[in-house]
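Below is one structure, written out as structure tokens; the observations come after it.
In structure tokens form, the structure reads like this:
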């Protein structure tokens, strides 16, 4: 099959692909990420690129205007390579690769936040050694065995186990054939001095690795949060508990669709499941490689990997068919996944290293939420806590150490910059803060202090909150037609408000918010608020009974609480009760990596947490419809906003 | 590399081998077994063949007489293929392949013996359902799961586990990634009706296999006894406990040496361990294939395999280096081997089927002896029992349900027909019974009622016993030079007694017993008797305290107890106390296959049994030297013989 080179500008990256490959796949193959929400179906129109040189084929699409077509714009997903090509990727189509650094910075801030949380809880850290023993998923111990004699001639393996049991109280131990095959020579070549890696494998302890000499000083693990959008990993020294570094990258599965449902659909296509699986495993391997290279850790000293992720992500990671997750009655294959060898899933660490996935409660409340619950210490406190994790799905946990319940609301991807006309993720060029003066003129803060390219979730929240305060938007979400400003206009029969005109922006169009965008965000915030309200009501509680509200998720760290309350996303309570917890899932994943006792707690939480299926609650629809106002139909519920 | 065809006559089998291959290897490659004790070192001289056609190279050897050389005789192990060859294999060099049928017949008799044992124990069978529950290593259960609904939407795996736990009290369960990957579709395609194979995997229960529909009626296992000489396997219906059939074959490792020590040495050669491993796995696979074909059992309905074998055999079976077994302080890699997947060792049954090896006590008392102990029920009885398993090593167990001890004596292979000038295994053509009249003329019974070709172990015992009674052999093992008979003669400076003259035999020479043969057998019987004596004395007991003596091993069923006592192999006790138990190891292996509780008992026995190292006992040497007379230095110990 003929192959062609595709040079992408301005990055200069070159893909070598077969004739007929599509440009979206070509871009990914050389490590270039292009926006795509629909999974390469030609629907979302976000993967616009300009062909500068060479022959190609492209399908007609309404997503490219007549003007754009003349300039050479095509949709990457609908365009196939028929020649050596030169392709320009406009800024708005690029997934900013500096995101990785950005994520690190964010996670660095999170660490700050995390220690801040210590103060809040009166000196008691959320997770502490006092609460959890240090017993990582894999522990290395150095052993000096007495050499065998005629008087003490037990077998090599029994000699090893006997020594381990002298030091540790381990009722059930096992090992694999490969270790037995090497045991005799390792013991003798190392003069009976060996390092054994003990791993927690489901209910038993496994002799995972046997190395000659003393290598117990070197033992590392990686904690992952596998998000639908972002994959983050932290390299941890399992002996010292030190976080060596954190890396994050876009989930490569993005190319197959923005949300879990699109991906589940894609998984049904020919080798769809395999491609989704390889995409996330690639992500994990590059993060592991990057971290171990940077911190000079040999790959084979990484002995344990923990993953937090929603149920679909874990299915895809393990190459388990997720089909039934999206079909009524919405059943996953497994919420509790056995500990396996990381290499079985294709993860490149020590070939015998272990992989554990944090258990989930149900199809729509996965291990990421359990990890978050653990990280926030909800299970350790008397305080009644509400944890809201806002992503494409909004998951909500309510409870304290006595009881816990959860639910999931399909918030939609609006807060993640998808499904809204100028939406983008919270990366460079995103409007993240907005103020509007009495002349209806906005002042925007753009992430990275660059020219604006779009609006991220927290930007939309700020924006709508300001528009609402300035009466630009009505309580029902309609734009006020009576105001005198050039920023409010009608286009293609729909009213919109211009935030940044093209001349001031870093894109080919005005950055606007349309009535349909407002409608989308109203539905998202309504879904989350009403879900929280129903969950609280279900247990005969009121929002005012809550001692604290934790907010987690991708946009969490940029969110203005006042704005979020004023649009009715969060309940109107004393602002001091709210805390950002950022990527609580990654924090929980790390804690579990460092303490298998915490994994046991996570399992207990997952087993005991009551899952409330909102669609079955008769009052949910009423509550949801009431939430489709700014801030709410019942203004009495938002006294500070009313004022 | 050039290849040549070697046609072996009279079988007509054709081997295709590379130039330079030796004839012994060529024979094995086409399924033809040629005698060889020394492992192809040119030492034993048992692999004589005649080259009829074609060019070859051969090394000079004193094992081929001048006369034989003229006839074209060579040693197969020292002869390499340089051309297409035609090779005649004389009868005495052939390992009789009818042995397989023969073994079956023997095992059939064993079954009879086994039920005979029921009577002896006052109606209480040695192994019974009363004692052991029926819980095979792998059990199939048919489940009809309630399909998921919105009200009952636990994951597929939890649904399965929940149903299993409704029926069985299983605290710890696990499964593998492969099953999870198939689970969703299997459950739905089978309308939530599935058959699950539950396997005992070390300390946990594993969901080993998940099949659609009800296949619980078909569940089979194979119990093996992996002997140094013979590999026997029984196909068992795990539901009904029925023995479908038994097959036995020569251990293909024979080509690499007759005894474990030769094989351990061979394992150190390049790919030696791999070849030994593949040899026994080939054996097991052919037995499994033959049994499943004959009884129309699909291979993938075989879900469990149990192996009894001495420690070296188990190491080789698992491809674990046995080197250290033969070096002081004689330490094995493992006596307790974890349950693994049979396919990990290369055994072809259901790819997820399990393989368990019965644990051993020490390097020289392996799982075969523990299986024998279980089969004899020593651990269930108050009666003080001595179990003597005579093979190349003689293993002895002493005790009752309160305590047990064991030891191992290196008897040497004389009773198995090796290391004695006309020795052969107990197959067709072997002299197995002998009477000698007052004229010193013998009357022999040949196995298969054919012309004699050699003498097997029980034949030697009978022979020496008669020679001793007729004063042909003295108490010190010397042949009486004063008797007037042409059967006693001197050849090459050594006295010998002719049992069958060439004209009446099926070989090219007179069948004789030399003084050096008598010496060898005296050492073998002395080693076993003195080991038993020391073991009994060690616990302040006398032989007369024993309630029963079980004799196990390859020659057991042909052995004349009176003869064995009169030469001093067995102690002189009431004959009713002796019982043959035949291949007790295979019986025990089957019982363990059918009851994992019995495996737990076997583990307990292996852990608790005291191993006595004879070489460390100061009185062993004295006792051994005293046994080097017929029947013993101290005639008072053998009153019935004295009489």
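Chains as they are written, first to last, in the numbering used here: chain E, 1 to 643; chain W, 644 to 1286. Every residue gets a Cβ at the ideal spot worked out from N, C-alpha and C, and that includes glycine. In this text, all values refer to a predicted model and were calculated from it rather than measured experimentally.
Residue 887(W) sits in a strand when the DSSP states are folded into three classes. In this structure, the beta-carbon distance from residue 527(E) to residue 405(E) does not fall below 7 Å. Scanning the segment 421 to 448 of chain E for uninterrupted beta strand (DSSP E) segments of 3 residues or longer gives 430 to 436 and 442 to 446, listed from N- to C-terminal end. Under the 7 Å criterion on CB atoms, residue 916(W) is classed as non-interfacial with respect to chain E.
Chain E places a beta carbon closer than 7 Å to that of residue 815(W), counting this residue as a contact.
For residue 311(E), the three-state secondary structure derived from DSSP is helix.
One finds nothing in chain W with a Cβ atom closer than 9 Å to the Cβ of residue 365(E); even the nearest lies about 12 Å away. For residue 340(E), the C-beta contacts it makes with chain W under 7 Å involve 820, in order along the chain.
Contact annotation, residue 8(E) with residue 74(E): C-beta distance approximately 14 Å; criterion of less than 8 Å not satisfied. Following the DSSP letters along the chain, one finds residue 462(E) inside the alpha helix (DSSP H) bounded by residues 457 to 469. Annotated as distal: residue 1181(W) and residue 1148(W), with beta-carbon spacing of 7 Å or more.
Around the C-beta of residue 501(E), fewer than 16 other C-beta atoms lie within 10 Å, and the residue is accordingly described as exposed. One Cα belongs to residue 1146(W), the other to residue 1086(W), and the distance between them is close to 15 Å. Interface criterion met: the Cβ of residue 972(W) is under 7 Å from a Cβ in chain E. Looking at the backbone, the Cα of residue 804(W) and that of residue 1214(W) are separated by about 57 Å. When the five nearest sequence neighbours on each side are left out, the beta carbons in the same chain lying within less than 6 Å of the beta carbon of residue 587(E) are those of 375, in order along the chain. The beta-carbon distance between residue 40(E) and residue 24(E), rounded to whole angstroms, is 5 Å. This is short enough to meet the 8 Å contact definition. Near chain W, meaning a CB-to-CB distance below 9 Å, the residues of the segment 603 to 630 of chain E are 611, 613, 615 and 616. For residue 827(W), the chain E residues whose Cβ falls inside 8 Å of its Cβ are 320, 321, 323, 324 and 333, in order along the chain. 7 Å or more divides the Cβ of residue 208(E) from the Cβ of residue 141(E). In the three-state reduction of the DSSP assignment, residue 225(E) falls in the strand class.
Residue 1080(W) counts as exposed, since fewer than 16 other beta carbons sit within 10 angstroms of its beta carbon. Counting only Cβ-Cβ distances below 9 Å, residue 181(E) has contacts in chain W at 961, 962, 963, 964 and 976, in chain order. For secondary structure counted as the alpha helix (DSSP H) over 4 or more consecutive residues, the segment 542 to 585 of chain E holds these complete runs in sequence order: 561 to 566.
CA-CA distance, residue 1128(W) to residue 1083(W), rounds to 7 Å. Check the Cα spacing between residue 1092(W) and each of 1105(W), 1102(W), 1073(W) and 794(W): the tightest is with 1073(W). In terms of CA proximity to residue 371(E), 311(E) leads the group 383(E), 311(E), 300(E) and 63(E).
Within the segment 783 to 810 of chain W, the residues whose Cβ lies closer than 7 Å to some Cβ of chain E are 791, 792, 793, 796, 798, 799, 800 and 801, listed in chain order. Within 10 angstroms of the beta-carbon of residue 490(E) lie fewer than 16 other beta-carbons, which makes it exposed. Residue 976(W) is positioned such that its CB atom lies no closer than 7 Å to that of residue 992(W). Here DSSP, grouped into helix, strand and coil, assigns residue 1246(W) to helix.
Taking 7 Å as the upper bound on Cβ-Cβ separation, chain W lies near residues 203 and 204 of the segment 203 to 217 of chain E. Note on residue 1275(W): 16 or more other CB atoms within 10 angstroms of its CB, so buried under the neighbour-count rule.
Using a Cβ-Cβ cut-off of 7 Å, residue 987(W) counts as an interface residue toward chain E, since at least one Cβ of chain E sits closer than that to its own. With fewer than 16 other Cβ atoms from the protein chains shown falling within 10 Å of its own Cβ, residue 403(E) counts as exposed. By the Cβ test, the segment 56 to 75 of chain E is not in contact with the segment 272 to 288 of chain E, since fewer than three Cβ pairs between them sit closer than 8 Å.
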